[in-house]
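Asks: Following this message is one structure expressed as structure tokens.
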DNA sequence: AATGAATGAGATTTCATTCAT
DNA sequence: GATGAATGAAATCTCATTCAT
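Residue numbers (the numbering used here), protein chains in the order written: chain V, 1 to 188; chain G, 189 to 376; chain A, 377 to 564; chain X, 565 to 752.
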């Protein structure tokens, strides 16, 4: 049949695979040792394709962190969206803090990398702010503003602290703390 | 010529100045853009002196972060050591979280850099753990173990969250939260 | 003897050798195919030393062209400085245009490269203007302003035209033209 | 299906548009920064069409410079063809040198690029020689051989010199010079 | 007839580290 | 004890060219 055939990507998931590989390299080596070569090797794509798909290393990092933030927002949102009352919301928050799903060591490492990189890159700073805002919005479905602020801080701080802690974290303690904060907010 | 003269360093504070300059470069550019040359320029010392005083860049970073951790531990310890009762201790914690002295933007940036680097460097991981342990010990002078864990998380998380937040943080809210946590621990 | 010994360059002419090699590469291949590697190979220095001595390729080209302009100014000036009267000055100009010394093929190639590069580089544009000004000043020692302008144009244009011409240039014709121009200026 | 249909190009001027765009890119950036991508973007044609219509970048440059030379020859020839006597021919030459039409800054830039490229490319060298020959032939309609040679040099050199000169060029001076040269040739 | 996705070769540049002095 | 000139290794990035469609 006549007519010009459009060129078509021969590997449609390549862009995403590169970004995922970038996150893996960041998690394994840190931003400061993340290079085109390592990402390309991990994604099993030729070196040149990185600059074909992206402007440069900064661009890759920005888009990789955006992808991370999206994934985190989504699991965050899902956890809280399914809760039908405050009690279930508290349980969801405890899961976010202690559960093995959300705050995995790998993800904590990536969050640290994103936050430290955000301090030196405007785009990633914006991505970070958005992601925190979205988390906050999910939380606000169930808790009053003051409680949200405090719980936000705990969701942030507790897993971070745990990252460098040998001792495991007691779910009971976390639950009691969240409940106390939720109640406090009602009283004030 | 009579007697050998002991050679004395011609610039005794140089080591420390290099480490302080390293922290400044890290704060300004991030670990991933911290180089010998930038540090030397900032410290106004010859390039060669960096490798004369230190093993390499990793060594400089390790010692710079150790210096940061020491300074932070010290201000942390002082704040809590001066408190004579739980009420004063609560006020001290509120100061750590909200006050302009401890959680400055520059220091938060450095903490993020230290944490992210710690995930890829054993020595800095150890330094980080020690610093968190020392903070915890200071806190334990005034609060029961469970409260300590929760307050630790808040001291960690709240300033971090604030780093990316436009809105200022209410001291009252922080105070109420700390008090609620301290009370909760008594009840349990 | 006590006291610190200063580090000393182990190859003091290296900077100049790099610039001379750059001019050779430009003459052989043109600016558009002038690369760090080719220059380094020609100068027999390691690749890294190019960026040690210079900011980048632009910087090398700027300084190489400045060096070329200096050398040309000097031979130009000498030719005209030695003339003691207008007649000798005319002969000197004829030499500049026809003589095998000044307008060599290699030098003409370099001038073309300098002029074309000057249209896309401020620093080289400035160098070019200065060099033309200096040539003009040398000429003004012997000729009135109007004659200078016309002779300038001829010194510029004739060797350029010859570059692409198979036929040799007649010294007699050049001499007659210069004389006619010098006389014309007196009459006007 | 009845009868084969002859395929027709869907954009008949594309070849020319590419060459014109190439000249624009050369004028703006210089040969050394002229790339397929820049030309394609300027011509608003797909990247692939450049290698479809031309052998490679060298081929594009050669044909673009040939197009330039044709256009210049044409305006050159027209200017001199319309002159009916020596006096008018002199005026035409003055126009070529001073007038705003022929020696525009953009065209001078392109001539410099063509000449410098010609020194490293046989095809463009040939194009350049032909163009100079054609100019010479146009001039020879009105001037004796010796005058032609000198006037050629002036037409070449004066606008080039002006390219790097702040001061404007006096038409009177140019006219006087051309006349002097034309007269000189008669005498000799 | 035409395209644009893809890539390898090579360009520029950065920099930790070495080492002669 | 101290320095800074020097360099190799590797990083980022550019781009002409190829080729499946």
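Every residue gets a Cβ at the ideal spot worked out from N, C-alpha and C, and that includes glycine.
Note that the coordinates shown come from a computational prediction; the quantities given were computed from them, not determined experimentally.
1. Taking the alpha carbon of residue 541(A) as the point to measure from, which residue in 704(X), 694(X) and 707(X) has its own alpha carbon closest?
2. Can you give the Cα-Cα distance for residue 303(G) and residue 112(V), rounded to whole angstroms?
3. Who are the neighbours of residue 707(X) on chain A, taking C-beta pairs under 9 Å?
4. Report the three-state DSSP secondary structure of residue 619(X) (helix, strand or coil).
5. Shorter than 8 Å from the beta carbon of residue 503(A) to some beta carbon of chain X?
6. Beta carbon of residue 309(G), beta carbon of residue 250(G): below 8 Å?
7. Please confirm whether residue 489(A) has its beta-carbon closer than 8 Å to some beta-carbon of chain X.
8. Taking a contact to mean a Cβ-Cβ separation below 8 Å, would you say residue 254(G) touches residue 315(G) in this structure?
9. Which residues mark the beginning and the end of the alpha helix (DSSP H) in which residue 110(V) is found?
10. I need the boundaries of the alpha helix (DSSP H) containing residue 351(G), first residue and last residue.
11. Measure from the alpha carbon of residue 260(G) to the alpha carbon of each residue in 206(G), 372(G) and 295(G), then state which is nearest.
12. Classify residue 743(X) as helix, strand or coil using the three-state DSSP reduction.
13. Under the three-state reduction of DSSP, which class applies to residue 425(A): helix, strand or coil?
14. Look at the alpha carbon of residue 21(V) and the alpha carbon of residue 221(G), and state the distance between them as a whole number of angstroms.
15. Taking its Cβ as the centre, do 16 or more other Cβ atoms sit within 10 Å of residue 340(G), making it buried, or is it exposed?
16. Quick one: is residue 406(A) buried, meaning 16 or more other Cβ sit within 10 Å of its Cβ, or exposed?
17. Does the distance from the C-beta atom of residue 582(X) to that of residue 616(X) stay below 8 Å?
18. Which residues in chain A sit within 9 Å of residue 623(X), going by Cβ to Cβ distance?
19. List, in order along the chain, the chain V residues whose C-beta lies closer than 7 Å to that of residue 334(G)?
20. Below 8 Å between beta carbons: does that hold for residue 345(G) and residue 157(V)?
21. In chain G, which residues lie with their C-beta within 9 Å of the C-beta of residue 156(V)?
22. Does DSSP put residue 326(G) in a helix, in a strand, or in coil?
23. For residue 707(X), tell me which candidate among 591(X), 654(X) and 646(X) has the shortest Cα-Cα distance.
24. Relative to the alpha-carbon of residue 591(X), which residue among 650(X), 644(X), 674(X) and 741(X) has its alpha-carbon at the smallest distance?
25. Strictly under 8 Å for the Cβ-Cβ distance: is residue 228(V) near chain G by that measure?
26. Check whether the segment 451-462 of chain A touches the segment 416-423 of chain A, taking contact to mean three or more Cβ pairs, one atom from each stretch, closer than 8 Å.
27. Go to residue 44(V), then tell me how far its alpha helix (DSSP H) extends in each direction, as first and last residue.
28. Should residue 651(X) go down as buried or exposed, given a rule of 16 or more other Cβ atoms within 10 Å for buried?
29. Determine the chain G residues that contact residue 32(V) at a beta-carbon separation under 9 Å, and present them in chain order.
30. By Cβ distance, which residues of its chain are closer than 6 Å to residue 620(X), with the 5 residues on each side in sequence left out?
31. Please report the straight-line C-alpha distance between residue 178(V) and residue 293(G), rounded to a whole angstrom.
32. Give the range of the alpha helix (DSSP H) segment to which residue 92(V) is assigned.
33. Just verifying my parser: in three-state terms, what is the DSSP assignment at residue 174(V)?
34. Apart from the five residues just before and just after residue 125(V), which ones in its own chain have a Cβ nearer than 6 Å to its Cβ?
Replies: Per the coordinate set shown:
1. Ranking the options by Cα distance to residue 541(A), first place goes to 694(X).
2. Distance between the alpha carbons of residue 303(G) and residue 112(V) is about 7 Å.
3. The premise fails here: residue 707(X) is roughly 13 Å from chain A at the closest Cβ pair, so nothing lies under 9 Å.
4. For residue 619(X), the three-state secondary structure derived from DSSP is coil.
5. It does not; no Cβ of chain X falls within 8 Å.
6. Yes, these two residues count as a Cβ contact at 8 Å.
7. It does; some Cβ of chain X falls within 8 Å.
8. Contact flag set, yes.
9. Residue 110(V) -> alpha helix (DSSP H) spans 105-118.
10. That run of the alpha helix (DSSP H) goes 333-351.
11. Nearest of 206(G), 372(G) and 295(G) to residue 260(G), Cα basis: 295(G).
12. DSSP, read as helix, strand or coil, puts residue 743(X) in helix.
13. In the structure shown, residue 425(A) sits in a helix (DSSP, three-state: H, G or I).
14. Computed Cα separation, rounded: 22 Å.
15. So residue 340(G) counts as buried.
16. That one is buried.
17. Not closer than 8 Å, so no.
18. Neighbours of residue 623(X) on chain A: none; closest Cβ ~15 Å, over 9 Å.
19. Chain order gives the chain V residues near residue 334(G) as 173, where near means a beta carbon separation below 7 Å.
20. The answer is yes: Cβ separation under 8 Å.
21. By Cβ distance, chain G contributes 341, 344, 345, 346, 348 and 349.
22. If DSSP states are grouped into helix, strand and coil, residue 326(G) belongs with the helices.
23. Of the candidates 591(X), 654(X) and 646(X), the residue whose Cα lies closest to the Cα of residue 707(X) is 654(X).
24. Of the candidates 650(X), 644(X), 674(X) and 741(X), the one whose C-alpha sits nearest the C-alpha of residue 591(X) is 674(X).
25. The structure shown has nothing for residue 228(V), since chain V only spans 1 to 188.
26. No, they do not touch.
27. Where residue 44(V) is concerned, there is no enclosing alpha helix (DSSP H), given that its DSSP letter is neither H nor E.
28. That one is exposed.
29. Within 9 Å Cβ-Cβ: 218, 219, 220, 221, 222, 304, 305 and 308.
30. In its own chain, leaving out the 5 sequence neighbours on each side, no residue places its CB closer than 6 Å to the CB of residue 620(X).
31. Between residue 178(V) and residue 293(G), the C-alpha separation is close to 27 Å.
32. First-last of the alpha helix (DSSP H) with residue 92(V): 86-98.
33. Looking at residue 174(V) - three-state DSSP - the assignment turns out to be helix.
34. Here the set comprises 118.
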